[in-house]
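Protein chains in written order, with the working numbering: chain D, 48 to 615; chain W, 3 to 190.
Ideal placement from N, C-alpha and C gives every residue a C-beta, glycine not left out.
Just below is one structure, and these are the notes that go with it.
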Amino acid sequence: MFQITRSAPVYDVVIIGSGAGGGTVTKVLADLGISVALLEAGPMLHPEKDFKEHMWPYQVPHRGSGDGGASYFGRGRAFGFFSAHAGGWQLDGEPYTVAEGSKWNWFRSRIVGGRTNHYGRISLRYADYDLKPYSRDGIGTDWPISYEDIAPYYDKAESFIGVTGSKEGIRSAPDGVFQKCPPPRVHEVLIKKAADKLGIPCIPNRLAVITQATNGRPACHYCGQCGRGCIPASNYSSSQVQVFPAMQTGKVTLITDAMARELITNDEGKVTAVSYIDKKTRTEKQIKCRTVVLAASCCESTRLLLNSKGKGHENGLGNSSGTVGQYLTDNTGFSLGARIPALEGMMRHDSDGMGGAHLYMPWWLWDKKTDFPRGYHVELGGGYGMPGVGSFAGVCAQHEGYGDSLKKAIYDDFGTHVGFSGRGEMIPNKNTYCEIDPNVVDKYGIPVLKFHFKWTDAEYKQVDHMEKTFTDLIETMGGTVVRRNRLASDKISTGGDIIHEVGAIRMGNDPKMAPLNKYCQSNDVKNVFVADAAPFVTNPDKNPTLTIVALAWRTAEYLAEEMRKGNV
Amino acid sequence: MTRRDILSRIAAAAMAGPVGLEAAQHVHEEAAAATPAGGVYKPKGLTQHEFDTLRTLSEIIVPGASKGSAAEFIDLLASQNTDMLTIYTGGIAWLDEAMKRQYHSDFLGAKTEQRTEMLDKIAYRKNRTAELAPGITFFNWARRMTVDAYYTSAAGIKEVGYIGNRGMKEFKVPQEAIDYAVKRSPFA
Chain D
48 MFQITRSAPV
58 YDVVIIGSGA
68 GGGTVTKVLA
78 DLGISVALLE
88 AGPMLHPEKD
98 FKEHMWPYQV
108 PHRGSGDGGA
118 SYFGRGRAFG
128 FFSAHAGGWQ
138 LDGEPYTVAE
148 GSKWNWFRSR
158 IVGGRTNHYG
168 RISLRYADYD
178 LKPYSRDGIG
188 TDWPISYEDI
198 APYYDKAESF
208 IGVTGSKEGI
218 RSAPDGVFQK
228 CPPPRVHEVL
238 IKKAADKLGI
248 PCIPNRLAVI
258 TQATNGRPAC
268 HYCGQCGRGC
278 IPASNYSSSQ
288 VQVFPAMQTG
298 KVTLITDAMA
308 RELITNDEGK
318 VTAVSYIDKK
328 TRTEKQIKCR
338 TVVLAASCCE
348 STRLLLNSKG
358 KGHENGLGNS
368 SGTVGQYLTD
378 NTGFSLGARI
388 PALEGMMRHD
398 SDGMGGAHLY
408 MPWWLWDKKT
418 DFPRGYHVEL
428 GGGYGMPGVG
438 SFAGVCAQHE
448 GYGDSLKKAI
458 YDDFGTHVGF
468 SGRGEMIPNK
478 NTYCEIDPNV
488 VDKYGIPVLK
498 FHFKWTDAEY
508 KQVDHMEKTF
518 TDLIETMGGT
528 VVRRNRLASD
538 KISTGGDIIH
548 EVGAIRMGND
558 PKMAPLNKYC
568 QSNDVKNVFV
578 ADAAPFVTNP
588 DKNPTLTIVA
598 LAWRTAEYLA
608 EEMRKGNV
Chain W
3 MTRRDILSRI
13 AAAAMAGPVG
23 LEAAQHVHEE
33 AAAATPAGGV
43 YKPKGLTQHE
53 FDTLRTLSEI
63 IVPGASKGSA
73 AEFIDLLASQ
83 NTDMLTIYTG
93 GIAWLDEAMK
103 RQYHSDFLGA
113 KTEQRTEMLD
123 KIAYRKNRTA
133 ELAPGITFFN
143 WARRMTVDAY
153 YTSAAGIKEV
163 GYIGNRGMKE
173 FKVPQEAIDY
183 AVKRSPFA
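What follows is the structure, given as structure tokens:
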């Protein structure tokens, strides 16, 4: 049985989730002198102990394959043993369901900092036209804000977290406040030459990595292991860059292992408390608040609203529009690998660099006619990566044999591969949404989400274009494609795979069409705000984290101002 | 010195400024010293005969594989996972049977040229017949995992020429390497 215990203090703001959105709101409000309680469903993060930065594969008996060689049987840890996340595609005791005929994968990381501890750190501003898709081509919905509204917050976000890049003047990739990006690696030099020849812009990458000391954080030391977590915090993670510094202000009460269950409302329909499960004792607790900020991730925040049912809001809190859960999207994904003979026999050198490419290709056909409505950007891979389990599986399969000839084939192959990954815009459609599954609860008794997902021709045709582009790039640089998806239907990523899920609690100008106003404040319940990717109206071909930080910053400032005026 | 100590040092060094080459070198050496020491290994999952066979086989697949503790790596995983154990106990039994049928000796007892003759069959997909299929499947596993073990060891990482996992004050790309690749590319 759950025991109801009520804690006495009333917090000005309770923030649910400590990822990019929650971390940003925590830092901004703490700096404004507002006391906040931060609920995190996972445990505390201890970077020195938890991050596997600089660890060699031979320092673990299984070399990174997992206990019992799990990765050999397709049961390995997502992104490999050394990745900094604390979660995965499935969490024990915390299921989600997928409707028949749909495919969906949902990545969750339960720890202070959430997915920002391990994410790819690509930080791309949305373009002016990205926020006004309907006005531009009649498809989708315009955002209630324009580029001018969000640009000052991009400036703040980039200045504070640190982002590499260069001023390019490309409309699809607005310039920002950039730190110097390190020079391209050898394979990236070749890719750029191929791109130049094909008329595709290939520019210094925009990564949330600092290349000069910033706010007490040292510059990158170029070990290439951002995904393992960075102990000195030379890349952005909300845990190290926002939550820990915010805690030093004395304004933050961090409550870990707290799985939010429901928002409690009073007779006036205002939220007065958050009910959560203390995972350590599996008891229900409540924390009182004047305002609440949902930043539990796009889908978890949706789940929380839909599970907060009561008199007058039987379909979930803040859901008078009936659209909570609708307009969910992920980015499209398609990858192609190649072997580049020009790189074979090159003098070995340290190509680690930042944990990610040093160049990328922004969408370049935004003003040209294509047979699909929306674009994509291209991410690059390659270089002499640290060998790991499976690094040479391709050579083994291709060369076969054994002995010195196999060893030579491996030596010759090392560092000669490049990869191209496209990330494209998905147009929201009525067959893609999430709702509460009435039949399933998680181990805490909380009803779980059920996902519905469909790609449409707009995405399939876009992915066909990616395949053609990548093939052209590879052939132009004299390479050979070595990895090709066998079936056309398998080319496109599964929904959720790219981990860019956005939407589901949209912002908008019309309360009948959108649950949130243009400040990400609930239309129905004025003391509820959403600060993750759920308020996004669409996701263009851009990785969402930078925009989560920028919008959360804007929401936090608005919330603080409304509190000062006594409006919430 | 434990890994945690090493990491603390990196963190401390990094907080003080960019990681120096000295610190990086130190990390490198500490990490290298952390490889398993020698001595007589007692198999955890395989029998002594199976283990000895696997060690000999892995050394043929990748000369030097024992420096990467390939057989020990596979034995450890097999001791933790019955699917893995079955692949190796079954595969080694198949190999011994096939050798006995052809040469009247198990794999370990056979002459070098007899072993080579057998491996030259099962090391290639093109030789797949109903009779050889289990051997080819097993050899695939042994090759893949021996390669993994060796090239994730200090010896294999050095041999393949990976130079990294160290602190760098500034990221630079050798001009010589760029020139080499461009000259060999269609952009020459």
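| query | result |
| --- | --- |
| Own chain partners of Gly-276(D) with C-beta closer than 8 angstroms, once the 5 adjacent residues on each side are dropped | Pro-94, Asp-97, Phe-98, Lys-99, Glu-100, Ala-131, Asn-164, His-165, Ser-284 |
| Stretch-stretch touch, CB-based, cutoff 8 angstroms, three pairs: the stretch 173 to 183 of chain W with the stretch 388 to 399 of chain D | yes |
| Contact set between Asp-85(W) and chain D, taken where Cβ atoms lie within less than 7 angstroms | Phe-120 |
| Bridge-paired residues (DSSP) for Val-528(D) | Ala-385(D) |
| Cβ neighbour criterion (16 or more within 10 Å) applied to Pro-199(D) | exposed |
| Ala-293(D) versus Gly-70(D) - alpha carbon distance | 9 angstroms |
| Backbone secondary structure at Glu-32(W) - three-state DSSP | Low confidence applies here, because Glu-32(W) scores a pLDDT of 44, under 50, leaving its location unreliable and the question unanswered by this model. |
| As assigned by DSSP and simplified to three states, the class of Thr-503(D) | coil |
| Same chain, Cβ closer than 7 angstroms to Leu-412(D), neighbours up to 5 away in sequence not counted | Gly-422 |
| Stretch-stretch touch, CB-based, cutoff 8 angstroms, three pairs: the stretch 105 to 117 of chain D with the stretch 72 to 86 of chain W | yes |
| Beta carbon proximity, Glu-178(W) to chain D, threshold 8 angstroms | yes |
| Neighbour flag for Lys-455(D) against chain W, beta carbons, 8 angstroms | no |
| Ala-551(D) versus Ala-204(D): straight-line alpha-carbon distance, rounded | 24 angstroms |
| Interface positions of the stretch 396 to 411 of chain D facing chain W (Cβ-Cβ less than 9 angstroms), listed along the chain | His-396, Asp-397, Ser-398, Asp-399, Gly-400, Met-401, His-405 |
| Residues in the stretch 223 to 234 of chain D having any Cβ partner in chain W nearer than 8 angstroms | Pro-229, Pro-230, Pro-231, Arg-232, Val-233, His-234 |
| Length-filtered (3 minimum) beta strand (DSSP E) runs lying within the stretch 290 to 374 of chain D | 299 to 302, 305 to 312, 318 to 325, 330 to 341 |
| Arg-5(W) versus Trp-103(D) - alpha carbon distance | Note that Arg-5(W) scores 46 on pLDDT, short of 50, meaning its location in the model is unreliable; the coordinates nonetheless yield the value given after this. The straight-line gap from Cα to Cα measures roughly 10 angstroms. |
| CB contact below 8 angstroms: Arg-110(D) versus chain W | yes |
| Integer Cβ distance of Tyr-269(D) from Met-170(W), believed to fall under 8 angstroms | 4 angstroms |
| Spatially closest choice to Lys-174(W) from Ile-493(D), Lys-227(D), Pro-231(D), Ser-219(D), by CA coordinates | Pro-231(D) |
| For Gly-70(D), the three-state DSSP class (helix, strand or coil) | helix |
| Candidates Phe-225(D), Pro-180(D), Arg-183(D), of which the one nearest Tyr-201(D) by Cα | Phe-225(D) |
| Under 9 angstroms by beta carbon: chain D residues contacting Tyr-126(W) | Glu-447, Gly-448 |
| Leu-406(D) and Tyr-143(D) closer than 8 angstroms at C-beta | no |
| Contact check, Cys-567(D) vs Thr-602(D), beta carbons under 8 angstroms | yes |
| Residue burial classification, Lys-327(D) (beta-carbon count within 10 angstroms, cutoff 16) | exposed |
| Outcome for Phe-207(D) when other beta-carbon atoms lying within 10 angstroms are tallied against a minimum of 16 | buried |
| Contact set for Ser-182(D): own chain, Cβ-Cβ below 6 angstroms, skip 5 residues either direction | Asp-189 |
| For Lys-497(D), the three-state DSSP class (helix, strand or coil) | strand |
| Buried or exposed by the 16-neighbour rule on C-beta atoms within 10 Å, applied to Phe-159(D) | One point to set straight first is that residue 159(D) is Val, not Phe, in the sequence displayed. Buried, because 16 or more other Cβ atoms sit within 10 Å of the Cβ of Val-159(D). |
| Helix, strand or coil at Pro-279(D) according to DSSP, with G and I counted as helix | coil |
| Min CB distance Pro-240(D) to chain W below 8 angstroms | For the record, residue 240(D) in the displayed sequence is Lys; it is not Pro. Yes, because at least one Cβ of chain W sits closer than 8 angstroms to the Cβ of Lys-240(D). |
| Gly-134(D) versus Gln-106(D): straight-line alpha-carbon distance, rounded | 22 angstroms |
| Other residues of its chain near Gly-525(D): CB distance less than 8 angstroms, five sequence neighbours each side excluded | Ile-387, Pro-388, Ala-389 |
| Rounded C-alpha distance that separates Ile-250(D) from Glu-215(D) | 8 angstroms |
| Span of the alpha helix (DSSP H), counted from its first residue to its last, around Ile-595(D) | 592 to 611 |
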